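J.: This is the structure, below, for whatever I ask next.
Number of protein chains: 4
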Amino acid sequence: MAEYRHLDYMLLDEKFSEEELMVRDAVRTWTSERFIPLIMDHFEAGTFPTELTPELAELGVFGPTIPEEYGGAGLNSVSYGLICQELERGDSGLRSFVSVQGSLVMYPIYAFGSEEQKREWLPQLASGKAIGCFGLTEPDAGSNPGGMLTNAKRDGGDWILNGRKMWITNGTISDVAIVWAQTEDGIRGFCIPTNLPGFSAPEQKHKWSLRASITSELVLEDVRVPDSMRMPETTSLRNPLMCLTQARYGIAWGAIGAANSVFDEVLGYTKERIVFDKPLAGYQIPQAKLAEMATQITMGQMLALQLGRLKDEGKMTPAMVNMAKRNNVHVALNIARTGRDMLGANGISLEYQTGRHMCNLESVYTYEGTHDIHTLAIGNELTGIPAFR
Amino acid sequence: MAEYRHLDYMLLDEKFSEEELMVRDAVRTWTSERFIPLIMDHFEAGTFPTELTPELAELGVFGPTIPEEYGGAGLNSVSYGLICQELERGDSGLRSFVSVQGSLVMYPIYAFGSEEQKREWLPQLASGKAIGCFGLTEPDAGSNPGGMLTNAKRDGGDWILNGRKMWITNGTISDVAIVWAQTEDGIRGFCIPTNLPGFSAPEQKHKWSLRASITSELVLEDVRVPDSMRMPETTSLRNPLMCLTQARYGIAWGAIGAANSVFDEVLGYTKERIVFDKPLAGYQIPQAKLAEMATQITMGQMLALQLGRLKDEGKMTPAMVNMAKRNNVHVALNIARTGRDMLGANGISLEYQTGRHMCNLESVYTYEGTHDIHTLAIGNELTGIPAFR
Amino acid sequence: MAEYRHLDYMLLDEKFSEEELMVRDAVRTWTSERFIPLIMDHFEAGTFPTELTPELAELGVFGPTIPEEYGGAGLNSVSYGLICQELERGDSGLRSFVSVQGSLVMYPIYAFGSEEQKREWLPQLASGKAIGCFGLTEPDAGSNPGGMLTNAKRDGGDWILNGRKMWITNGTISDVAIVWAQTEDGIRGFCIPTNLPGFSAPEQKHKWSLRASITSELVLEDVRVPDSMRMPETTSLRNPLMCLTQARYGIAWGAIGAANSVFDEVLGYTKERIVFDKPLAGYQIPQAKLAEMATQITMGQMLALQLGRLKDEGKMTPAMVNMAKRNNVHVALNIARTGRDMLGANGISLEYQTGRHMCNLESVYTYEGTHDIHTLAIGNELTGIPAFR
Amino acid sequence: MAEYRHLDYMLLDEKFSEEELMVRDAVRTWTSERFIPLIMDHFEAGTFPTELTPELAELGVFGPTIPEEYGGAGLNSVSYGLICQELERGDSGLRSFVSVQGSLVMYPIYAFGSEEQKREWLPQLASGKAIGCFGLTEPDAGSNPGGMLTNAKRDGGDWILNGRKMWITNGTISDVAIVWAQTEDGIRGFCIPTNLPGFSAPEQKHKWSLRASITSELVLEDVRVPDSMRMPETTSLRNPLMCLTQARYGIAWGAIGAANSVFDEVLGYTKERIVFDKPLAGYQIPQAKLAEMATQITMGQMLALQLGRLKDEGKMTPAMVNMAKRNNVHVALNIARTGRDMLGANGISLEYQTGRHMCNLESVYTYEGTHDIHTLAIGNELTGIPAFR
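Chains as they are written, first to last, in the working numbering: chain A, 4 to 392; chain B, 4 to 392; chain C, 4 to 392; chain D, 4 to 392.
Here it is as structure tokens:
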């Protein structure tokens with residue numbers, strides 16, 4: 004396999020700091036050397052290479068923006084974006100694994116948890132000794148999380164949780180779960196170990212996308228939880244939505260990684276594949292596809308970078324994340340589809356990266372806010388009128 | 004599962020004869036009752052349900068336009084088209100299985116074979132007692148079959164065949180293979196049993212598309228073949244291209260079946276799925292997608308039907324098939340992609356038909372002439388100037 | 004200028020009767036010989052060549068499906084469709100002129116008028132001695148005609164009409180106007196001469212589309228109208244909507260004419276235009292555009308034809324017209340945009356047909372139901388749930 | 004008319020220097036106050052408001068990056084980009100006027116001219132006292148400028164020029180022309196006054212796009228020119244291509260101005276336009292259009308800005324300009340088309356900005372390198388294989 008080359012048509016590399024580039028290159032190398040050789044078999048088998056968890060922790064990709072005192076790396080958001088980009092260059096499932104751990108488990112504990120919760124879980128999560136999951140989505144409330152049915156009822160000083168979550172990444176292999184539930188006073192988040200009685204997390208099977216990622220149901224049947232497991236700063240639906248904003252931020256970067264993986268593979272293929280005595284890359288129709296791919300990657304990279312800089316300056320709004328997640332995933336999916344086509348019959352083989360990325364990106368297009376929900380969120384921002392319902 | 008309803012927005016059903024509708028409905032019922040309950044497991048396992056072969060033969064779908072004296076059903080081309088449509092409503096792999104048997108094996112034997120070859124193989128193939136495959140494509144000559152390297156050399160009254168074919172549907176499970184090879188006098192076709200010494204057909208693995216279809220390499224190492232296995236009416240590349248025209252004809256119909264399967268599933272889903280207190284089907288953005296789907300299915304159906312009528316009248320040209328295959332598969336693929344998105348997270352589960360169709364159609368988009376090759380064939384027809392190379 | 008050639012890629016001409024082909028060819032020849040030489044100057048000047056009205060009447064294009072006893076030609080709907088197609092091959096403004104006269108003036112008089120109204124106006128309109136217009140749309144109620152403000156109030160045996168209509172084709176040059184107004188009992192239609200006191204029809208200027216078509220406001224200020232000018236069979240909004248269905252039917256055909264005009268011009272241009280020593284038509288990117296154009300024209304033609312056959316059989320529904328108008332105009336507009344691009348700099352000159360068609364089709368895309376309104380109408384038909392509001 | 008608001012969804016304004024913003028705002032205000040009130044009438048009449056030339060000179064928009072010693076403003080390239088953006092917000096014809104003057108006349112004189120030529124022409128051009136044009140394109144060599152037929156033959160110390168140029172902006176009203184011609188030694192550029200015997204510049208009529216811009220033929224019939232009018236540093240086709248790179252740079256910015264003009268108008272319109280009791284902006288389908296528009300404008304703006312920064316750093320390559328011109332014009336054209344549709348019938352009136360922008364952008368899409376030529380230039384950059392011919 005030829006060495007990976009990331010497209011930099013407009014010299015954006017010059018915009019990153021030395022530290023950012025070091026982080027990026029470390030993850031890029033690791034993905035090439037350690038992850039990509041394994042991914043085909045895991046995707047086919049429907050498994051995640053959990054044996055790599057310690058290496059990922061060593062790389063520092065779990066909650067890298069969390070302060071060092073809690074076991075994080077204290078990196079900036081652009082670095083975190085670059086990590087997501089390089090991991091998703093490997094596989095969207097890998098980036099999902101890391102996104103959930105960092106943005107959907109460590110972030111809410113850090114932002115909404117008690118000091119005790121932070122001390123207990125953040126170092127374990129950062130070091131990969133514990134795996135976490137995020138229980139928000141329910142079977143009948145994908146685009147309307149406020150309609151959740153899972154509930155928590157007071158019982159003395161404890162809470163009794165009941166409900167069913169679905170499409171939960173890492174659920175089956177988690178040590179700790181962030182669970183969102185309706186209470187008398189509104190939505191609250193709980194940070195609970197997964198070995199409590201009444202809690203189970205059966206794996207969801209029959210996926211053809213994100214196969215190298217564990218997806219689970221969470222089933223809560225009279226799970227008794229002390230009040231100390233409630234995250235004290237959670238007060239409403241706004242809290243899980245803040246988590247989603249963190250995760251979507253990473254997706255906006257990750258999609259550029261997947262797109263680049265496709266572009267690199269396809270560009271190489273068309274330059275080597277001879278059709279009627281000249282490389283496929285020398286024909287007009289393939290060039291038209293490559294030109295559009297390169298343009299979209301370039302702009303998507305700019306969007307992610309600007310988003311990251313604004314995040315580090317404290318100026319990023321959810322509406323900005325809507326735009327970047329929506330565009331970049333859409334772009335990546337289109338690129339993967341076009342790339343699949345350009346590989347011809349080889350495009351349907353898992354021996355190539357492109358088809359797998361295409362399959363994965365179908366999930367990414369839908370999760371963390373479907374494409375259309377982001378469309379309407381942007382529409383709302385522009386017009387001031389909600390059109391969701 | 005709700006009963007399947009095929010879209011008929013513009014009353015095209017009135018254009019079919021009673022016999023045609025009978026054939027269609029028989030296959031439609033069989034697909035619903037016998038095939039669809041099995042397909043998810045076979046797709047996941049990467050197997051074809053060969054146990055259904057006798058039932059398919061009983062249905063009369065193997066070479067249905069072949070005269071009855073050779074074991075065929077003597078149906079017209081529109082009936083054959085409808086068969087393909089209904090089978091591909093089940094799975095593109097199922098239609099592929101039948102296309103190869105009929106259009107790529109029985110057709111060339113009937114059109115180019117000796118009387119002895121016809122008597123030997125056609126009844127066995129029609130009855131499903133023998134399975135056949137079609138060996139044209141080679142690893143480095145997908146869109147340029149004239150560049151094949153497989154060759155047949157005279158050795159006394161025999162031929163010695165050497166070469167390697169790839170992406171051969173049914174290869175591993177075939178009893179008979181149509182093999183195309185270069186000779187001193189140009190390209191010739193051979194109709195050979197697969198148990199000859201030197202012939203092997205290892206399965207190609209690692210596919211994420213058409214998983215319920217067997218794809219194989221054919222490896223020919225000094226395979227000795229008597230001249231009686233040469234198909235005497237084959238004289239040039241024109242012959243295998245004629246076979247492809249037959250197969251593409253069936254694909255143009257089949258794609259409409261896949262598209263309808265998606266449409267039916269998605270329409271039902273959006274009508275039942277409640278989002279913010281009303282069905283998803285009641286929102287503008289989903290309706291826009293459904294309206295476009297329905298329009299494209301309606302036009303694709305018209306295209307297939309007109310093609311079929313012209314075929315039965317002896318007026319169909321390859322350039323017409325280029326248009327219908329290209330358009331209908333493209334339309335079906337777009338519909339499957341949109342449908343996948345509309346199913347939300349469920350769209351990535353094999354418990355739904357749509358995602359599997361989407362994955363399959365990526366193969367169909369590329370095989371039997373890639374989309375772009377058909378584009379250039381139409382361009383050639385319109386302008387009189389070839390732009391393939 | 005080379006002779007016009009209408010694309011017939013899939014031998015649809017065989018589907019027309021001899022009479023239908025005669026009608027088509029007569030109009031085609033007239034358009035080539037009499038209309039196209041004039042159109043550039045009229046488009047630039049913003050005028051319609053009213054001097055051609057007698058010739059159009061002679062051709063029989065005004066209300067051709069109206070029975071002969073009222074001056075019509077008693078043709079079938081497919082013939083009417085072909086007339087629209089051939090006229091719009093000349094210019095959308097020309098087809099609009101004829102559509103209004105036939106579908107929006109003669110049709111409602113014939114369908115909803117009194118015998119006296121029919122006797123008075125239909126022969127005059129058929130012979131081009133009178134020109135008519137159709138006053139439905141209002142400035143603030145384009146996609147919601149039920150929201151019209153124009154009203155008719157009883158005053159003894161008379162009615163007093165007040166209101167303002169906009170975007171009324173032919174208004175300024177009309178002798179008779181069909182005016183829709185709210186009454187105490189619902190919406191009613193009036194068939195009134197335009198020389199009544201209080202009626203005026205100032206021309207709307209500053210258009211860059213349909214410039215060879217007169218567009219007007221209708222201003223009604225206390226226009227006194229005897230009850231005999233009310234069309235007695237009008238009872239609700241349903242009546243003007245039925246008229247629109249007639250007109251949209253013609254547009255579905257007309258758009259194919261415009262698309263063919265573009266295709267013919269562009270195909271000829273690319274075959275003659277030499278770029279780097281070979282015709283533009285010999286390159287891959289232009290061929291991809293031509294192939295898609297030809298496919299869409301072919302399918303649009305099929306859609307129009309099937310619609311026409313169903314109309315003649317009494318089976319056409321408004322929802323079918325929604326699909327055909329929406330698709331065919333969209334297709335024609337896309338073809339005109341692509342064609343404009345393919346003509347290079349020449350594409351912006353009125354010395355070519357294509358740019359003018361492109362400009363015109365922007366109006367056609369919006370009038371008689373915008374593209375999106377048709378989308379939602381189809382969505383409503385498919386789902387049973389209205390999403391217009 | 005409401006005040007113009009330029010979209011800044013991702014806080015890009017913070018990336019401009021104070022000086023850059025001052026330049027931008029001055030031009031923005033001038034365009035709103037002085038230009039937009041006039042444009043409709045000029046577009047309709049097919050005239051350019053030459054009376055504004057002194058004001059434009061006063062604003063400093065003619066050759067703003069030329070050093071002050073030659074009459075320029077010595078601004079950076081980003082400022083020049085912003086000028087183009089703000090002018091094209093008014094009309095592509097206005098930006099074209101200024102682009103030609105600066106990038107295609109002043110630039111080559113500055114870059115390739117003799118000191119005498121610079122002293123003679125640059126101050127006059129900067130002050131608007133002279134108008135210039137750029138004669139490269141010929142009727143049969145749009146995308147292949149190397150195929151030009153115009154030639155210059157030595158005759159003693161003079162040159163005799165013969166040939167015909169087409170699609171020359173400002174030709175008819177120019178005082179000076181940069182004319183490119185074949186010589187025995189290759190292509191050379193001449194800087195000649197337009198009053199030489201044998202030189203004429205008849206206006207090209209019948210345009211429906213860029214109507215507020217003068218387009219001309221240049222006819223050179225034995226035009227005798229002293230060698231001092233040859234630009235001494237011109238040596239090959241590379242020189243005019245360098246000029247085109249300058250002009251395309253400005254177009255990449257200008258297109259964002261046109262797109263913003265459309266977006267601003269359409270957003271305002273949909274928020275005010277009531278359909279069925281709520282603003283059009285409150286429906287899903289319009290919001291989907293607005294969201295995509297905003298995304299594309301945001302990314303196009305980023306692309307232009309990065310290009311400008313690289314240009315000021317001396318790192319901009321022609322291949323980068325290919326990407327930015329191609330993408331941004333395409334985006335602007337798509338936005339204008341969508342915006343036209345969203346304005347409904349009003350979209351075809353010149354009383355709105357959008358339709359005019361749409362018509363204009365068809366020219367911009369094609370000139371200074373057609374969209375497809377830029378596609379192939381990017382393809383060449385990516386693959387290293389030219390596919391132009």
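We put the CB at the ideal spot given by N, CA and C, even for glycine.
Bear in mind the structure is a predicted one, so any value in this text is a computation, not a measurement.
For chain A, is any of its Cβ atoms less than 8 angstroms away from the one on C:Ile288?
T.: Yes, because at least one Cβ of chain A sits closer than 8 angstroms to the Cβ of C:Ile288.
J.: So within the region 57-94 of chain C, which uninterrupted alpha helix (DSSP H) runs reach at least 4 residues, ignoring any that extend past its ends?
T.: Listed in chain order, they are 80-93.
J.: Grab me the residues of B:Val64's own chain with a C-beta within less than 6 angstroms of its C-beta, minus the 5 sequence neighbours each way, in chain order.
T.: Within the same chain, B:Val64 has close Cβ partners Ile86, Val101.
J.: Reducing DSSP to helix, strand and coil, say where D:Arg233 ends up.
T.: If DSSP states are grouped into helix, strand and coil, D:Arg233 belongs with the strands.
J.: Note down, in chain order, each residue of its chain lying with its Cβ closer than 6 angstroms to the Cβ of D:Leu15, except the 5 sequence neighbours on either side.
T.: Excluding residues within five positions, the ones whose Cβ falls inside 6 angstroms are Gln304.
J.: Quick check: what's the CA-CA separation for B:Gly66 versus B:Ser82?
T.: Distance between the alpha carbons of B:Gly66 and B:Ser82 is about 11 angstroms.
J.: Is there a Cβ from chain D that is less than 8 angstroms from the Cβ of A:Ala262?
T.: For A:Ala262, the answer is no, since every Cβ of chain D falls outside 8 angstroms of its Cβ.
J.: For D:Arg227 versus D:Ile134, is the C-beta distance shorter than 8 angstroms?
T.: In this structure, D:Ile134 does not lie closer than 8 angstroms to D:Arg227 by Cβ.
J.: For B:Met4 and B:Gly74, what's the separation of their Cα atoms in angstroms?
T.: Annotation note: pLDDT 48 at B:Met4 (below 50); position unreliable, coordinate value reported separately. C-alpha separation (whole angstroms): 36 angstroms.
J.: Restricting to Cα atoms, I'd like to know which of A:Leu308, A:Leu313, A:Asp375 is closest to A:Leu24.
T.: Per the Cα distances, A:Leu308.
J.: Based on DSSP bridge pairs, tell me the residues matched to B:Ile171.
T.: Answer is B:Ser219, bridged to B:Ile171.
J.: When the Cα atoms are used, what is the spatial distance from A:Thr186 to A:Ala114?
T.: Between A:Thr186 and A:Ala114, the C-alpha separation is close to 20 angstroms.
J.: Sorted by chain position, which residues of the same chain lie with C-beta nearer than 7 angstroms to A:Phe51's C-beta, five sequence neighbours on each side aside?
T.: Correct list, in chain order: His45, Gly96, Phe100, Ala215, Ser216, Ile217.
J.: Which residues mark the beginning and the end of the alpha helix (DSSP H) in which A:Thr248 is found?
T.: Taken as a continuous stretch (DSSP letters only), the alpha helix (DSSP H) holding A:Thr248 covers 241-275.
J.: Any Cβ of chain D within less than 8 angstroms of the Cβ of A:Asn147?
T.: So, not an interface residue.
J.: Who are the neighbours of A:Ala291 on chain C, taking C-beta pairs under 9 angstroms?
T.: Chain C residues near A:Ala291: Gln287, Ile288, Ala291.
J.: Between which two residues does the alpha helix (DSSP H) holding A:Gly49 run?
T.: That residue, A:Gly49, is in no alpha helix (DSSP H); it is neither H nor E in DSSP.
J.: By the three-class DSSP mapping on this structure, what secondary structure does B:Glu384 have?
T.: Reduced to three states, the DSSP call for B:Glu384 is helix.
J.: Please state whether DSSP places B:Asn198 in a helix, a strand or coil.
T.: It is coil, neither helix nor strand.
J.: Give the range of the alpha helix (DSSP H) segment to which B:Gln327 is assigned.
T.: It should be noted that the sequence gives Ala, not Gln, for residue 327 of chain B. Looking at the DSSP string, the run of the alpha helix (DSSP H) that includes B:Ala327 is 321-345.
J.: Less than 8 angstroms separating the beta-carbons of B:Arg92 and B:Thr34?
T.: For B:Arg92 and B:Thr34, yes; Cβs fall inside 8 angstroms.
J.: Confirm, please, whether the CB-CB distance from D:His377 to D:Lys328 is below 8 angstroms.
T.: Yes, these two residues count as a Cβ contact at 8 angstroms.
J.: What residues from chain A crowd round D:Pro282, counting only those whose CB sits closer than 9 angstroms?
T.: Under the 9 angstroms cutoff, chain A gives Thr386, Ile388.
J.: State whether the region 364-371 of chain B contacts the region 238-248 of chain C, with contact taken as three or more CB pairs (one from each stretch) at a distance under 8 angstroms.
T.: Too few Cβ pairs lie closer than 8 angstroms, so no.
J.: According to DSSP, is C:Pro282 part of a helix, a strand, or is it coil?
T.: Residue state, collapsed to three classes: strand.
J.: Contact check, B:Gly358 vs A:Trp211 under 8 angstroms by CB: the rounded distance?
T.: Right, the Cβ-Cβ distance comes to about 6 angstroms (below 8 angstroms), so this counts as a contact.
J.: In three-state DSSP terms, what is A:His377?
T.: Helix at A:His377.
J.: May I ask you to list, following chain order, the residues of the region 333-354 of chain B that have a beta carbon less than 8 angstroms from some beta carbon of chain A?
T.: Hits within the stretch, in order: Arg340, Arg343, Asp344, Gly347, Ala348, Gly350, Ile351, Ser352, Leu353, Glu354.
J.: For chain A, is any of its Cβ atoms less than 8 angstroms away from the one on B:Met4?
T.: Because the pLDDT at B:Met4 is just 48, under 50, the model does not fix this residue reliably, and the point stays unresolved.
J.: Under a CB-based cut-off of 8 angstroms, is B:Lys318 close to chain C?
T.: Chain C, which has a Cβ nearer than 8 angstroms to the Cβ of B:Lys318, makes this yes.
J.: For C:Asn331, which residues in chain B fall below 9 angstroms Cβ to Cβ?
T.: In chain order: nothing, as chain B lies at least about 10 angstroms away.
J.: What does A:His164 pair with, by DSSP beta-bridge criteria?
T.: Checking the displayed sequence, the identity of residue 164 of chain A turns out to be Leu instead of His. Paired residues: A:Ala155, A:Val226.
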